[in-house]
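The next block holds one structure in the form of structure tokens; read it before the comments.
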Amino acid sequence: MTVTIREPLRTKAYALGFDAVGFARAEIPSSARGALATFLAEGRHGTMAWMAAERRDDPRKLWPEAASVIALGLSYAPPRAARNEPWCGAISVYAQHKDYHDVFQSRLKELGEWMRGTFAAEFKVFVDTAPLLEKPLAQMAGVGWQGRHTNLVSRRFGAWLFLGEILTSLVLPPDPPHPAHCGSCHRCVAACPTGALTAEGHIDARLCISYLTIEHKGPVPRALRPMLGNRIYGCDDCLAVCPWNRFAAPTREAAFQPHPDRIAPALADLAALDGAGFAERFRGSPVRRIGRDRLVRNVLMAIGNSGLPDLMPCVRARLEDSSALVRGAAVWAVARLLDPAPFAALRACHLPAESDETVREEWRTVQATGNVFPP
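Residue numbers for the sequence shown follow the numbering used here, so the first one is 4 and each next one is one higher.
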């Protein structure tokens, strides 16, 4: 019976708009469990303590009734490359449109309810919302394979594929695992601006620009700031160079069409955002999750990397921001844009009144090292 269940289920998933569907047993391959253990033991997860959750190594620790996994994918391949001007910020493709979690979650629930009504199946849905190793599961389900950038790659959709899962009580015959097709290609490794990727397909999140601009809550390590360029939320460099992308047609999902204000937003406009302005501008966007202060921190680093003195007025305004995180980033940006003499004058004005020690340290260090643009 389970064989006859599987194909109607696949057909229903496609009818709901999913682009990729596969089936696997509710278990994580030992190789993936070992890779996770090494990743955590070496501290390459940075401050993402949630990645160490014990339940990540076994879906049945999340839900004991789980027998099978239905891995599903939605393409978000962009229609065109965004402008990369120094006065504009670069936002990762996945955050240029409506939050995919909302789109995926409702569609997964609809499929699960259909399964319950049709096959009396119990289910749980996941969209990057629980400690589930979704990429190894997707590879086991035949949806794609993990490339050297550690993300999933599909022969049909390239590297632009959102993933979601349904754990179900149904015992479904698994699809064949997807073999890797990276071959001798190392384009993603070479493209990484910070060297976060290795030829063996390992990643050090502490060096990854997506981690630094999204997950990392404090000041970005000073040595890495110039490498961020104008990236203010995430980084697509390793995904964009994947040769399999040539087979990926632009997404047909209406909710994944880029919002005009998020393709290449003006850095000066973003630097001026207050809390209310931030919330309004990024309503319904994944960018909202990092909050105004972290985004403006990223924007100020991008301005510091721009080499455009014309942006100095919006940076100077942030030297008196209520957020110490923002003020510290503004100090660094000022030091990158000003010559030593005017920077010293600003320092003499602001340092005595600064109460936060991390910001005071920025004033002292960037002046002492002569850290002015260009690097």
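All residues carry an ideal CB built from backbone N, CA and C; glycine is no exception.
Note that the coordinates shown come from a computational prediction; the quantities given were computed from them, not determined experimentally.
Alpha carbon to alpha carbon, what distance is there between residue j and residue i?
i	j	result
HIS104	ARG13	21 Å
ALA70	ALA35	19 Å
PRO379	VAL329	The chain is shown from 4 up to 378; residue 379 falls before or after that span and cannot be answered.
GLY115	ALA16	10 Å
ALA381	ILE169	This structure gives no information on residue 381, because the portion of the chain shown stretches from 4 to 378.
ASN301	ARG228	9 Å
TRP90	ASP342	20 Å
ARG3	ALA332	Nothing can be reported for residue 3, as the shown portion of the chain is limited to 4 through 378.
ALA243	ALA162	8 Å
ALA38	PRO180	18 Å
VAL375	GLU137	Model confidence at VAL375 stands at a pLDDT of 45, short of 50, so the residue's coordinates are unreliable and nothing is read from them.
ALA144	ASP22	14 Å
GLY232	THR361	23 Å
HIS100	ASP60	32 Å
SER358	LEU273	25 Å
GLY278	CYS185	43 Å
ARG255	ALA208	31 Å
ASP296	GLY76	32 Å
What is the DSSP secondary structure of residue i, reduced to helix, strand or coil?
i	result
LEU43	helix
GLY294	helix
CYS352	helix
MET79	Note that residue 79 is Tyr in the sequence shown, not Met. Coil, per DSSP.
CYS91	strand
ALA267	coil
ARG319	helix
ALA23	strand
PHE285	coil
MET304	helix
VAL223	coil
PRO253	coil
LEU341	coil
Going by DSSP, what residues sit across from residue i in a beta bridge?
i	result
SER71	ARG28 and THR171
TRP148	VAL156
ARG234	ALA93
Flag residue i as yes if its beta-carbon sits less than 8 Å from any beta-carbon of chain B, otherwise no.
i	result
LEU77	The structure shown contains no chain B; it holds only a single protein chain.
Practice item. Give, in chain order, every unbroken run of the beta strand (DSSP E) that is at least 3 residues long and sits entirely within the segment 99–144. Key: Counting only runs of 3 or more, we get 126–129.
**Study point:** Length at least 4, wholly inside the segment 160–213: the alpha helix (DSSP H) runs in chain order
**Key:** 190–194
Check your understanding: Between the segment 256–269 and the segment 81–101, do at least 3 Cβ pairs fall closer than 8 Å?
Key -> yes
Check your understanding: Taking three-plus beta-carbon pairs below 8 Å as touching, is the segment 281–292 in contact with the segment 313–328?
Key -> Taking 8 Å as the limit for Cβ pairs, the verdict is that the segment 313–328 does not touch the segment 281–292.
Review point. Is it a yes or a no for the segment 210–224 touching the segment 153–160, going by three-plus beta-carbon pairs under 8 Å?
Key: no
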